[in-house]
Amino acid sequence: MQTYLEQAFGKGDVTTPRMRAALREWLDLYYGAPRPGEDPAPRLAALIVGKLCRTVFAEYEPRLEGGGPMLAQSLASLNAVGRTAVQYALIGGECLLKPVPGPGGFDFVPIRRDCYAPLARDAHGRLLAVGTMESLSAGGVQYALLERRTAGAQGLTIETRLFERNGQALGRCVPLPTLECCADLVPQLFLPGVPGLGLAVLRTPLANCVDGGTDPVSIYAPAVGLLHALARCEQQLDTEFENGASRVFASEDLLRPDARGNRALRDDLFVGLPDDPANIGVTVYSPALREQSYLARKQDLLRGCESLLGLRRGILSETEAEAQPRTATEIAATAVDYDLTIRDLQAMWADAARQALDLCAALGGLYGLGSGQAPGTLAIDWGDGVLYDRARVWEEQRQLVADGLLRPEHALGWYFGLPHRTEADLQNIRQQLMPKGETNHG
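Count the sequence shown with my numbering and you get residues 1 to 442, in order.
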């Protein structure tokens, strides 16, 4: 894609070769690509991403305060792709969410990191220009639809080119109406007032540990070496079991010849030895397996992954397999690390979700969707965490109400996630939740 973008727009991917190689490695680890000397069957990268994503959204409850039906419909579409988008970001370090006009609102398409090329970034790593390519076909001819998005102070510029591919080469540029699906596109479009690239961006909260640049990295980038070591350990364990299979060594005079006079048995349990007086008879060989050594090494590597990635002990490893018991402080420390990891990922999604809704509000007027509607505010309840005990806080609030130090409307508003800042909010809570005669206006 880099060569195609350079030919179409005169601008190529700004990602360094080292980062591009790292991205390929992250994808290979996640999708279980074979590698010499390694067994990819355990798919630990997929396990890490799956567990983190499920925990992030375990108690996810978004709520849109204000706004109109268009934003409500767009939020529902955003939630439908949320888990996929977060997993893409965890794998490749970054994921784009592209809003597409739909019935009554916007749908969203998650774009994986290997499916677009950053053409420019600022000093903080934020995307300033990005290129994408879509392969199309019609009448037996292959086409490439290339798009370049450039952020500007006044709005977003989108350049679109359609090429008739010549084998692996990009070929010649043809008019966009050549394909029916591209008939409504224009070579250059300016969208005033649209922030950034018109795309919501998810970026993992990790520092770049590949080349020290500003590109975001995979959530398991710090543990790539350990993941390969675990795959090699798994391969060695497979070999140990294969080599440890029982064999029966028999002298060749005991094996019956076949039609051609060759002495052999199909059962791989038997192994023939040359005729020698010392080898006459049958010997059973059944070596002792050394799986405990390999399993102990595997658990050590898994605990190393947990420490590097900020995961709670036992997420990947077996806690009872530890050689030495850990103190309560050590157990609490790993739990706190895990809670902070999840909070960082939740903040990543919350920021991207708010970007997406702001884009919907900006694009709504341009596309004739929800024009004139007031912008809404996205509120997200993530539930409890290791560092936050909802039940304990509720008991504290109840005690404050009992002592006359807190109005019950405030406590109920907090508990049920209702607005409770203004007197109108408090009156609404009294009418909905509080029995008559139990109000407190103090």
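Beta carbons: idealized from backbone N, C-alpha and C, even for Gly.
Taking a contact to require three or more Cβ pairs closer than 8 angstroms, the stretch 99-109 and the stretch 400-412 do not qualify as touching.
Here A229 is near L301, since their CB atoms are less than 7 angstroms apart.
Note on V194: 16 or more other CB atoms within 10 angstroms of its CB, so buried under the neighbour-count rule. When secondary structure is reduced to three states using DSSP, I111 falls in the strand class.
DSSP places K298 within a helical segment (H, G or I) once states are collapsed to three. When the Cα atoms are used, S293 and Q355 turn out to be separated by approximately 50 angstroms. Annotation: E318 is outside any beta strand (DSSP E) and is labelled neither H nor E by DSSP. One Cα belongs to L162, the other to I219, and the distance between them is close to 35 angstroms.
DSSP places D381 in the strand class (E or B) of the three-state scheme. Closest by C-alpha distance to D337, out of A151, V130, Q142 and G310, is G310. In the three-state reduction of the DSSP assignment, V336 falls in the helix class. Looking at P222, A223 and N208, the one whose alpha-carbon comes closest to that of P216 is N208.
Note on A138: under 16 other CB atoms within 10 angstroms of its CB, so exposed under the neighbour-count rule. For L412, the secondary structure class from DSSP, reduced to helix, strand or coil, is helix. According to the DSSP assignment, P192 belongs to no alpha helix (DSSP H) but to the beta strand (DSSP E) extending over Q188 to P192.
Taken through DSSP and simplified to helix, strand or coil, V210 comes out as coil.
Excluding sequence positions up to five before and after P177, its CB lies within less than 8 angstroms of the CB of A183, all in the same chain and listed in chain order. The beta carbons of V86 and W349 sit about 6 angstroms from each other, so the pair counts as a contact at 8 angstroms. Here G198 carries a coil assignment [DSSP, helix/strand/coil]. With three or more CB-CB distances shorter than 8 angstroms, the stretch 144-154 counts as touching the stretch 123-134. Sixteen is the threshold: when 16 or more other Cβ atoms of the shown chains lie within 10 Å of the Cβ of W26, as they do, the residue is buried.
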